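Asks: My questions all concern the structure below.
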Amino acid sequence: MDKINILEQSREALLSDMQQCCIIDKPYRLDQILQSIYKNCVLSFDDMTNLSISMRESLSDRYNILGVREEQCWTSSDGTIKFLFELCKDRQFVESVYLKDKNNRVTFCVSSQVGCRMGCTFCKTGRMGLIRNLTAGEIISEVMFLWNVMKHDESVTDKFFNIVFMGMGEPLDNIDNLCAAIDKITNQQYIGMSQTRITISTCGLVDKIESVLIKFPQINFALSLNSSRQEQRLTVMPAAKLHSISEMKKILDGLAVKYKTRFTLEYVMIAGFNICYEDAAALKCWTPKHYLINLIPLNHSDEHQKRPNEHQITKFADMLQSFGLKVTRRYRRGADIQADCGQLFLERAESMRNNDTQV
Ligand code: SF4
């Protein structure tokens, strides 16, 4: 029988199952187990030394804690670590990234789907299509695994971490499982982390943002904008046909006022495509009251799309600033291990396909 993933279950469901199977005698035993997992990030029953050996054995026989297994990892010279995870359920793969800034503050970049159906042309995950949604337990497993990495990282003194849903997949295309995962991540009964440390990035499913904000009003959102000109945006983001830029802006303006929040606009800079004066001028409407523009120079160059050079990047940023816009730039992390979204998985999937063909 497949083991039950603990992270997938509610406290009530576990209590009933463990009592039925005579694994625990008293409910407080379950609280000890959940406390070890969610508060102390203990990821092996063997390490729960406050439980009897026979109880630990029974737990190991029936449950697993993580729904993912590390398949491979790559460490960058800047400290970024990219993990390839195999999903225990069906041996699909996703990637997650452990990022550290220059002050050793840690951010986990987490995936929400295997593949993605949004088809953004600058993203290799998009070329895979959607294979399946991650379950809530699998999303939490990524977080717990990376938290355990942080626990053993001696360069990190801050015990808090940030989470960005910017890995593989469109998070709002898997909204129920995403919210179930965030509920456990932020609920004091489980991990209990602050909502303000979580950012969800969407390629434009802005009509779904409010249903998340209703539950988690302090969560941050980033919109992957990449062009403020509708026709141009459509050429790189097929999802742009769901909402025009003016529709998106109207929805976001309303949410910014209602929830007293500010949105980040991610702008992937592609040479010869979206970094001329007209492109900058089209961004003027995204004023600093509600929006922060984060410039992301394209991570790679190929025959279709090229990364701008430093002069072009600075010139575009200066133009935006001269319009009074609030602009930041995202510097590359993990460039030497190709930690940009989806690249690793494609290589892995490709090599598996080749192996399959040979057999
Ligand atoms: S950028 Fe995000 S939404 Fe677009 S294809 Fe890639 S994973 Fe999907």
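Throughout the sequence shown, residue numbering follows this note's numbering, covering 686 to 1044 in sequence. Using N, Cα and C, we set each Cβ at its ideal position, and we do this for glycine too. Please read all numbers here as calculations on a predicted model, not as lab measurements.
Any residue with its C-beta under 5 Å from a non-hydrogen atom of the ligand SF4 counts. Can you list them all in chain order?
Replies: Cys801, Met803, Cys805, Cys808, Thr810, Gly811, Glu855, Cys888
Asks: What residue range does the alpha helix (DSSP H) around Trp832 cover?
Replies: 821-836
Asks: Check whether the region 861-873 and the region 778-793 touch, using three or more Cβ-Cβ pairs below 8 Å as the test.
Replies: no
Asks: Hey, would you say Ile722 sits closer than 8 Å to Ile691, going by beta carbons?
Replies: yes
Asks: If you drop the 5 nearest sequence neighbours on each side, which residues of the same chain put their C-beta closer than 7 Å to that of Tyr1016?
Replies: none
Asks: Tyr713 by DSSP, collapsed to three states: which one?
Replies: Secondary structure at Tyr713: helix, using DSSP grouped into helix, strand and coil.
Asks: Taking only runs of the alpha helix (DSSP H) that begin and end inside the region 884-912, which ones reach a length of at least 4 residues, in chain order?
Replies: 894-900
Asks: For Gly877, which three-state DSSP category applies?
Replies: coil
Asks: Could you check whether Glu780 and Ser762 sit closer than 8 Å to each other, using their CB atoms as the reference points?
Replies: Their beta carbons are not under 8 Å apart, which means Ser762 does not touch Glu780 by this criterion.
Asks: With 16 other CB atoms within 10 Å as the buried threshold, where does Arg812 fall?
Replies: exposed
Asks: By Cβ distance below 6 Å, which residues in the same chain neighbour Phe958 in space, the five residues on each side in sequence not counted?
Replies: none
Asks: By DSSP's criteria, Pro982 is part of a beta bridge. Which residues make up the other side?
Replies: Beta-bridge annotation (DSSP): Pro982 is paired with Met954.
Asks: Return the chain-ordered list of same chain residues with a C-beta closer than 8 Å to the C-beta of Leu983, the five sequence neighbours on each side being excluded.
Replies: The answer, listed in chain order, is Phe807, Val953, Met954, Ile955, Ala956, Gln990, Lys991, Arg992, Pro993.
Asks: Using the Cβ count rule (16 or more neighbours within 10 Å means buried), how would you classify Ala629?
Replies: The requested residue 629 does not occur in the structure, where the chain is confined to residues 686 to 1044.
Asks: Who are the near neighbours of Gln1006 in its chain, counting only those whose CB is closer than 8 Å to its CB and skipping five residues on each side?
Replies: Val1012
Asks: For the beta strand (DSSP E) holding Ser1007, just list the boundary residues, first then last.
Replies: No beta strand (DSSP E) holds Ser1007; the alpha helix (DSSP H) holding it covers 995-1007.
Asks: I need the boundaries of the beta strand (DSSP E) containing Cys794, first residue and last residue.
Replies: Secondary structure note for Cys794: its beta strand (DSSP E) is the uninterrupted segment 791-794.
Asks: Report, in whole angstroms, the separation of the C-beta atoms of Leu751 and Ser826, which I expect to be a contact under 8 Å.
Replies: 4 Å
Asks: Counting along the chain, where does the beta strand (DSSP E) carrying Arg882 start and finish?
Replies: DSSP places Arg882 outside any beta strand (DSSP E), giving it a letter other than H or E.
Asks: Which residues mark the beginning and the end of the beta strand (DSSP E) in which Leu769 is found?
Replies: 766-772
Asks: How about Met878 and Cys801: do their beta carbons lie closer than 8 Å?
Replies: no
Asks: What residue does the alpha helix (DSSP H) around Ile867 start on, and which one ends it?
Replies: 860-871
Asks: Hey, Ile708 and Leu744 are a contact pair by Cβ (cut 8 Å); roughly how many whole angstroms apart?
Replies: Indeed, because the Cβ distance is near 6 Å, the residues count as touching under 8 Å.
Asks: Taking the alpha-carbon of Ser986 as reference, which of Lys809, Leu719, Phe768 has the nearest alpha-carbon?
Replies: Lys809
Asks: Would you call the region 971-979 and the region 816-832 in contact, with 3 or more CB pairs under 8 Å?
Replies: No: fewer than three Cβ pairs fall under 8 Å.
Asks: Arg817 and Asn847: beta carbons closer than 8 Å?
Replies: no
Asks: Just tell me which of Glu855, Phe768, Asn859 has its CA closest to the CA of Cys888.
Replies: Glu855
Asks: Let's see if you can read the secondary structure: which residues bound the alpha helix (DSSP H) around Tyr962?
Replies: 962-967
Asks: Just tell me which of Ser909, Thr871, Val849 has its CA closest to the CA of Ile885.
Replies: Val849
Asks: Start and end of the alpha helix (DSSP H) containing Ile936?
Replies: 930-943
Asks: For Gln880, collect the residues of the same chain with a Cβ closer than 7 Å to its Cβ; drop the 5 residues on either side in sequence, then sort them by chain order.
Replies: Around Gln880: Thr871, Phe901, Gln903, Ile904.
Asks: Once you ignore the five residues that flank Gln717 on each side, which residues in its own chain have a CB closer than 8 Å to its CB?
Replies: Excluding sequence neighbours, Gln717 sits near Met733, Asn735, Leu736.
Asks: What is the C-beta distance between Val891 and Leu908, in whole angstroms, given that I count them as a contact (C-beta under 8 Å)?
Replies: 7 Å
Asks: Rounded to whole angstroms, what is the Cα-Cα separation between Leu937 and Val921?
Replies: 21 Å
Asks: From the DSSP output, read off the bridge partner residues of Cys707.
Replies: Paired residues: none, contrary to the question.
Asks: Roughly how many angstroms separate the alpha carbons of Gln915 and Ile981, rounded to a whole number?
Replies: 19 Å
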